[in-house]
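Heads up, the thing below is written out as structure tokens.
2 protein chains.
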Amino acid sequence: MTEKTQAEALADAGGGRRSERSRAAILAAARERFAADGYERATIRAIAADAAIDPAMVMRYFGNKEKLFAAAAEFDLRLPDLSALPPDEAGAALINHFLNRWEDDESLKALLRASVTNPVAADRMRELFAGQLGPMIARLTDPADAGTIATRAGLVATQALGFALCRYVLELEPIAALTRTEAVAWLSPTITRYLTGTP
Amino acid sequence: MTEKTQAEALADAGGGRRSERSRAAILAAARERFAADGYERATIRAIAADAAIDPAMVMRYFGNKEKLFAAAAEFDLRLPDLSALPPDEAGAALINHFLNRWEDDESLKALLRASVTNPVAADRMRELFAGQLGPMIARLTDPADAGTIATRAGLVATQALGFALCRYVLELEPIAALTRTEAVAWLSPTITRYLTGTP
DNA sequence: TTCCCAAGTCAACACTTGTTGACCTACGGT
DNA sequence: ACCGTAGGTCAACAAGTGTTGACTTGGGAA
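Heads up: the protein sequence lines correspond to chains A and B, in order.
Residues 1 to 199 in the numbering used here are what the first sequence lists, from first letter to last.
Residues 200 to 398 in the numbering used here are what the second sequence lists, from first letter to last.
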């Protein structure tokens, strides 16, 4: 009864496969495991167990572990357009958005944990900052300084990733205990200078 | 007991006992592999092969993989005393020292790569910044602001580790291509503010 | 009803890992 | 000379990995 409705809805949703629910369960479990354990310690068997699904199904749906990771670590920074803001508020807005994004999607944690040992993940990380942050910064930057855009994006990446590494992965105190307000207060000037300042 | 005395005596003897050479070779290979591959991808067999030594010898000398890592990732930041410098030069000096330290000892890279998935490594990383950077900052800080020392150390860690992550591990361009001078110029104001400034 | 086929299960594969214990071997003290 | 032992070799172990292929099941179409 209920199942029929689900099946129909699911059939509509995807390209025709009826097992979207299993696929979604695997993906959710994979995100969790990759985020918690990193690429090599997260095993297909553990992911399958979390999703209450046979390990063979994981292979059926995603081909192999690397493709599963690629699907689980798909991520978009969803950067807002900050060009409307006064320059001295852009830094605070950006770091705030970044922390939000970090906290409500485990994919970023999975990506960071994996990117340290997995080339594919590292590539995606690079593309995230070069391909998404760069263009956003371009809209804030005086065309005369266009040559500095990539550097600015990179510098923002160093501070943003470093903070996330210490706060969410290493759980280094007292960084992990900082309130959101404190964190933003300390980081904003740094980000702002990287966005629009000079060395 | 007896073994150590003998080993030392033999090492002192002049010829260089093979066991000490083996031990050193294993450690060097381990540092290299852990730095390049991270904890789980660096295998005892690969390390032994690099050192041209039987895998069983690695176990004989270091007990198990975790202890080998602990020995290979022993590290000291060797922080200089910056309290003699004018406050606005301390940031530049510190980041310069940090980059030097990073570049001439692979242990830090090994530690960072491993600390993302290995609890022991993460612990050592935390202790590095809390136990070594903290005390150094204390000497720069007005006793009235003693309560901010740990936070300052943590913030410096976020920027320093984030930069190292992007430059040496992720090899994110254009951060990896920055000259030392450029890097120091961009980071110094950030570090200086974390050391002595306010949000 | 019968039949088909995708979804799901099971057991095994080939391989790699850390780790162990039995076995050599060369050399310094006696 | 001998012999004990530290240093080194070899092969195997048990556990765990990603991955595969043959089998079973259930629900919708005929």
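Ideal Cβ positions, reconstructed from N, Cα and C, are used throughout, including at glycine.
Chain-ordered neighbours of residue i on chain B, where CB pairs are closer than 8 Å
| i | result |
| --- | --- |
| residue 125(A) | 369 and 371 |
| residue 113(A) | 315 and 316 |
Rounded C-alpha distance that separates residue i from residue j
| i | j | result |
| --- | --- | --- |
| residue 170(A) | residue 325(B) | 7 Å |
| residue 183(A) | residue 294(B) | 21 Å |
| residue 273(B) | residue 27(A) | 38 Å |
| residue 77(A) | residue 124(A) | 12 Å |
| residue 267(B) | residue 230(B) | 9 Å |
| residue 43(A) | residue 61(A) | 16 Å |
| residue 158(A) | residue 264(B) | 31 Å |
| residue 41(A) | residue 50(A) | 15 Å |
| residue 256(B) | residue 223(B) | 12 Å |
| residue 300(B) | residue 63(A) | 43 Å |
| residue 103(A) | residue 97(A) | 10 Å |
| residue 166(A) | residue 160(A) | 10 Å |
| residue 80(A) | residue 164(A) | 19 Å |
| residue 331(B) | residue 355(B) | 12 Å |
| residue 186(A) | residue 258(B) | 47 Å |
| residue 173(A) | residue 380(B) | 31 Å |
| residue 341(B) | residue 396(B) | 11 Å |
| residue 145(A) | residue 398(B) | 27 Å |
Residues of its chain near residue i, where Cβ-Cβ distance is below 6 Å and the 5 sequence neighbours each way are ignored
| i | result |
| --- | --- |
| residue 282(B) | 338 and 339 |
Own chain residues within Cβ distance below 8 Å of residue i, not counting five before or after
| i | result |
| --- | --- |
| residue 391(B) | 286, 287, 289, 290 and 291 |
| residue 45(A) | 55 |
| residue 271(B) | 226, 229, 230, 233, 306 and 309 |
| residue 304(B) | 274 |
| residue 202(A) | Lying outside 1 to 199, the shown extent of chain A, residue 202(A) is not represented and no answer is given. |
Neighbourhood of residue i by C-beta, 7 Å cutoff - its chain only, sequence neighbours within 5 removed
| i | result |
| --- | --- |
| residue 137(A) | 149, 152, 153 and 195 |
Local conformation of residue i per DSSP, three classes
| i | result |
| --- | --- |
| residue 141(A) | coil |
| residue 100(A) | helix |
| residue 314(B) | helix |
| residue 262(B) | coil |
| residue 398(B) | coil |
| residue 306(B) | helix |
| residue 19(A) | coil |
| residue 232(B) | helix |
| residue 224(A) | Chain A is shown only over 1 to 199; residue 224(A) falls outside these bounds and no answer can be derived. |
| residue 241(B) | coil |
| residue 274(B) | coil |
| residue 70(A) | helix |
Cβ distance (whole Å) where residue i is taken to contact residue j below 8 Å
| i | j | result |
| --- | --- | --- |
| residue 116(A) | residue 70(A) | Residue 116(A) to residue 70(A), Cβ: 17 Å. No contact. |
| residue 221(B) | residue 252(B) | 6 Å |
| residue 389(B) | residue 190(A) | 5 Å |
Partner residues on chain A for residue i, Cβ-Cβ distance less than 7 Å
| i | result |
| --- | --- |
| residue 391(B) | Within 7 Å Cβ-Cβ: nothing; residue 391(B) doesn't reach chain A, min ~11 Å. |
| residue 239(B) | 40 and 41 |
| residue 346(B) | Residues of chain A passing the Cβ test: none, with the nearest at roughly 10 Å. |
Chain B residues whose Cβ lies nearer than 7 Å to that of residue i
| i | result |
| --- | --- |
| residue 281(A) | Given a span of 1 to 199 for chain A in the structure shown, any question on residue 281(A) remains unanswerable. |
| residue 101(A) | Those within 7 Å of residue 101(A) in chain B number zero; the least Cβ separation is about 16 Å. |
| residue 129(A) | 371 |
Chain-ordered chain B contacts of residue i [CB-CB under 9 Å]
| i | result |
| --- | --- |
| residue 91(A) | Those within 9 Å of residue 91(A) in chain B number zero; the least Cβ separation is about 12 Å. |
| residue 142(A) | Neighbours of residue 142(A) on chain B: none; closest Cβ ~18 Å, over 9 Å. |
Under 9 Å from the C-beta of residue i: neighbouring residues of chain A
| i | result |
| --- | --- |
| residue 358(B) | 158, 159, 162, 163 and 190 |
| residue 236(B) | 117 |
Contact list for residue i against chain A, beta-carbon separation under 8 Å
| i | result |
| --- | --- |
| residue 333(B) | What residue 333(B) touches in chain A: nothing, since even the nearest Cβ is about 10 Å away. |
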